[in-house]
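Residue numbers (my numbering): 739 to 1052. The beta-carbon is built from N, C-alpha and C at its ideal position, and this holds for glycine as well.
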Amino acid sequence: MEKYTIGIDLGGTFIKGGVVDANGKVLAYDKAKTGGECGAKAVTENIAAVVADLLKTTGLDKDSIVGIGMGAPGMIDSKKGEVVYSNNLRWAHFPIAAELTALTGLPVKIANDANVAALGEAKFGAAKGCEDVVMITLGTGVGGGVVVGGKIMEGNKSAGAELGHVVIEGDGKQCTCGRRGCLEAYASATALIRDTKEKMLEHPDSKMWEIGSIDDVDGKTAFAYREKDVYAKEVVEEYIRQLGFGIVNFANIFRPEKILLGGGVCAEGDNLIKPLQAIMDRDLFGGDQGPAVPICVASLGNSAGILGAAALWM
C-alpha cells in the first residue's frame, strides 16, 4: 500500500495543509484560519481539523499516512517537537508535536518554517537533485534555511540558520532583533521600501513621485523607476550590493550547489539575479578554482512550506 505524508504550513494568519505522495504531488489541499488569539491549544485543534478534512477529502485512513510534518515560525526544538519561542504566535515552550499526536493519533515532526521551505525546494523545487542548498527569503524580514547532505542543518537545539541576522555592517542600521547592521536591516523588502521612501523625501525631483503619495511606495517602486530615475537606480544598486555581501558570505561558509532566493522581491527576476550573480562570481572564495555557486529564484511559491514539511518524513 502506498504511503503518504501530511504537510502543514503553520502561519500567523493561516494553517495550510496538504496530503503529499513520495514524488511531491499534492493530492489534496486545505486551509483554515490559525486563530492564534485563542491560544496554542486552540490552534492545535484547528490543525487537527485540517488533518481530518484532508483525510476525508482523499478517503485515506490513518494507516496510509506515514506522519505529519509541520513548519512553524520561530525558534523550534525539532527533537522535542516544541515551539521554544515564536513572536508571531506569541508562544513559548509549547509541545505542539505531542499535542497534535494526541488529537490525531499520527506521529508529528516539526521544524522552523524557513528551514522547511528550503528542504521543499531541495526535494521538489528549484534545487531538486541538490544535496547542499541555501535558501534566503526576502520579505518583511530575511529568513534563511540551510540543507546539508539532503537534510536540514538546524544547529544546537534547532536554533541556528538565522541567516538574516548575520552582521554585514558594524554598528549599522537598526534591526528588529535589537542589534545593528544585520542583513535583514538592509535586504528585506521592508528595508527596500524604507530606503525608497527616504530617497524620495530627500529628492522632491525624483520621478518616483509619479506614483502619487509616499504611502504608495512598495518593494517594486525603485526597480520600476531604476532606468529613468537616478535616485531609484541608487536605491536598487545599494540594495543589491548589501544583499550580495550576505549571499557571498553564505556561499563561502557552506559552498552550496545553489543559493535560492524567495519572496516578493524575486519577482524582479534577472534584474535582481544577474547583478547578484556578478557579485558572487567576482567575490566567491577561490573564484573559478572551486565549484561555482549559481543563484536562482525558488520555484515552489506557497507550496514550499507544505512540501518541505512533508519532506521531513522522506
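Within the continuous alpha helix (DSSP H) that includes residue i, where are the two ends?
{"i": "Glu820", "result": "Glu820 -> not in any alpha helix (DSSP H); beta strand (DSSP E) instead, spanning Glu820 to Ser824."}
{"i": "Asp933", "result": "Ala927 to Glu940"}
{"i": "Asp1019", "result": "Asp1008 to Asp1021"}
{"i": "Val1031", "result": "Taken as a continuous stretch (DSSP letters only), Val1031 belongs to no alpha helix (DSSP H), as it is neither H nor E."}
{"i": "Ile1043", "result": "The question names Ile, but residue 1043 in the sequence shown is Gly. Gly1043 -> alpha helix (DSSP H) spans Ala1042 to Ala1049."}
{"i": "Met986", "result": "Correcting the residue identity first, residue 986 is Val in this sequence and not Met. It spans Val968 to Phe992 - the alpha helix (DSSP H) in which Val986 sits, taken as one unbroken run."}
{"i": "Ala960", "result": "Thr959 to Tyr963"}
Any idea if residue i is buried or exposed, counting beta-carbon neighbours within 10 angstroms, 16 or more meaning buried?
{"i": "Thr842", "result": "buried"}
{"i": "Gln1027", "result": "exposed"}
{"i": "Leu981", "result": "buried"}
{"i": "Gln912", "result": "exposed"}
{"i": "Arg964", "result": "buried"}
{"i": "Glu936", "result": "exposed"}
{"i": "Gly879", "result": "buried"}
{"i": "Ser951", "result": "exposed"}
{"i": "Leu939", "result": "exposed"}
{"i": "Gly1024", "result": "exposed"}
{"i": "Gly756", "result": "buried"}
{"i": "Gly745", "result": "buried"}
Tell me the residue span of the beta strand (DSSP E) that contains residue i.
{"i": "Ala770", "result": "Val764 to Lys771"}
{"i": "Asn850", "result": "Val846 to Asn850"}
{"i": "Thr875", "result": "Val871 to Leu876"}
{"i": "Thr743", "result": "Tyr742 to Leu748"}
{"i": "Ile997", "result": "Lys996 to Gly1000"}
{"i": "Gly883", "result": "Val880 to Val886"}
{"i": "Ile753", "result": "Phe752 to Val758"}
Going by beta carbon distance, what residues of the same chain come within less than 6 angstroms of residue i, once the five residues before and after it are set aside?
{"i": "Ser1037", "result": "Gly863 and Ala864"}
{"i": "Gly1001", "result": "Thr875, Leu876 and Gly877"}
{"i": "Val1003", "result": "Leu876, Ala927 and Gly957"}
{"i": "Asn850", "result": "Ile814"}
{"i": "Ser824", "result": "Pro811 and Gly812"}
{"i": "His903", "result": "Cys915 and Cys920"}
{"i": "Ser896", "result": "Ile814, Asp815 and Ser816"}
{"i": "Ala780", "result": "Gly773"}
What residues in its chain sit with their C-beta under 8 angstroms from that of residue i, if we drop five residues either side in the sequence?
{"i": "Gly887", "result": "Glu869 and Asp870"}
{"i": "Val986", "result": "Ile1017, Met1018, Asp1021 and Leu1022"}
{"i": "Lys771", "result": "Thr751, Phe752, Ile753 and Asn784"}
{"i": "Pro1029", "result": "Arg993 and Glu995"}
{"i": "Ala790", "result": "Thr842"}
CB-CB under 7 angstroms to residue i, same chain, minus the five flanking residues each way: which ones, in chain order?
{"i": "Arg918", "result": "Asp909, Gly910, Lys911 and Gln912"}
{"i": "Trp1051", "result": "Thr743, Val804, Gly805, Gly807 and Lys847"}
{"i": "Ala836", "result": "Gly819"}
{"i": "Thr959", "result": "Thr934, Met946 and Ile949"}
{"i": "Glu1006", "result": "Phe961"}
Looking at residue j and residue i, is the spacing between their C-beta atoms short of 8 angstroms?
{"i": "Val764", "j": "Ile949", "result": "no"}
{"i": "Leu1010", "j": "Cys1034", "result": "no"}
{"i": "Phe983", "j": "Ile906", "result": "yes"}
{"i": "Gly1046", "j": "Gly809", "result": "yes"}
{"i": "Gly773", "j": "Arg828", "result": "no"}
{"i": "Gly882", "j": "Ala899", "result": "yes"}
{"i": "Lys754", "j": "Asp747", "result": "yes"}
{"i": "Tyr969", "j": "Met946", "result": "yes"}
{"i": "Leu838", "j": "Ala786", "result": "yes"}
{"i": "Leu1014", "j": "Ile991", "result": "no"}
{"i": "Asp768", "j": "Leu792", "result": "yes"}
{"i": "Ala1042", "j": "Glu859", "result": "yes"}
{"i": "Thr782", "j": "Ile834", "result": "yes"}
{"i": "Arg993", "j": "Val1031", "result": "yes"}
{"i": "Phe832", "j": "Leu901", "result": "no"}
{"i": "Lys861", "j": "Ala1049", "result": "yes"}
Kindly indicate if chain D contains any beta-carbon less than 8 angstroms away from that of residue i.
{"i": "Gly1028", "result": "Structure shown: chain D not included; a single protein chain is present."}
Ranges of the beta strand (DSSP E) found wholly within the region 781-835, counting only runs of at least 3: The region 781-835 contains these whole beta strand (DSSP E) runs: 803-810, 813-815, 820-824 and 829-832.
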